[in-house]
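Chemist: Before I ask anything, here is the structure I am working with.
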Amino acid sequence: MNDLTPEQELGAQFGAVLLGGRVSNDPPPPDSPLGRVAAFVAVYGEDALTVEHIRAAQEGRPLLP
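So for the sequence shown, numbering that gives the first Met the number 0 puts the first residue at 0; every next one is plus one.
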């Protein structure tokens, strides 16, 4: 968490615990929805990303340009 104040980071960590997750600076697993979106953005740029790409990643469908 690079740009957060210590208070914001603590809040993010606490929220993640409540939701059953964790806050990490590590890249997401490549087979996760976030990892698939990150790979798409690396190739096509964030301007090419649409809501449909997010849905496709969540549903496990291919992310087409």
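Positions of the beta carbon are idealized from the N, C-alpha and C atoms, including for glycine.
Do you know whose CA, among Gly20, Gly10 and Phe39, lies nearest Pro61's CA?
Modeler: In the sequence shown, residue 61 corresponds to position 62, counting from 1. If we check each option's Cα against that of Pro61, Phe39 comes out closest.
Chemist: Determine the closest residue to Asp25 out of Leu18, Gly44, Gly19 and Ala37, with distance taken between C-alpha atoms.
Modeler: Start at 1 with the first residue of the sequence shown, and residue 25 comes out as number 26. Of the candidates Leu18, Gly44, Gly19 and Ala37, the one whose C-alpha sits nearest the C-alpha of Asp25 is Ala37.
Chemist: Helix, strand or coil for Asp46 per DSSP?
Modeler: On the sequence shown, position 47 is the one that residue 46 refers to. Note: Asp46 maps to helix in three-state DSSP.
Chemist: Relative to the C-alpha of Val42, which residue among Thr4, Pro64, Phe13 and Glu6 is closest?
Modeler: For the purposes of this step, residue 42 is taken as residue 43 along the sequence shown, with counting starting at 1. When only C-alpha atoms are compared, the closest one is Pro64.
Chemist: Here's the rule I'm using: 16 or more other beta-carbon atoms within 10 Å means buried, otherwise exposed. How should Arg35 be labelled?
Modeler: Here residue 35 is taken as the residue at index 36 of the sequence shown, counted from 1. Flag for Arg35 reads buried.
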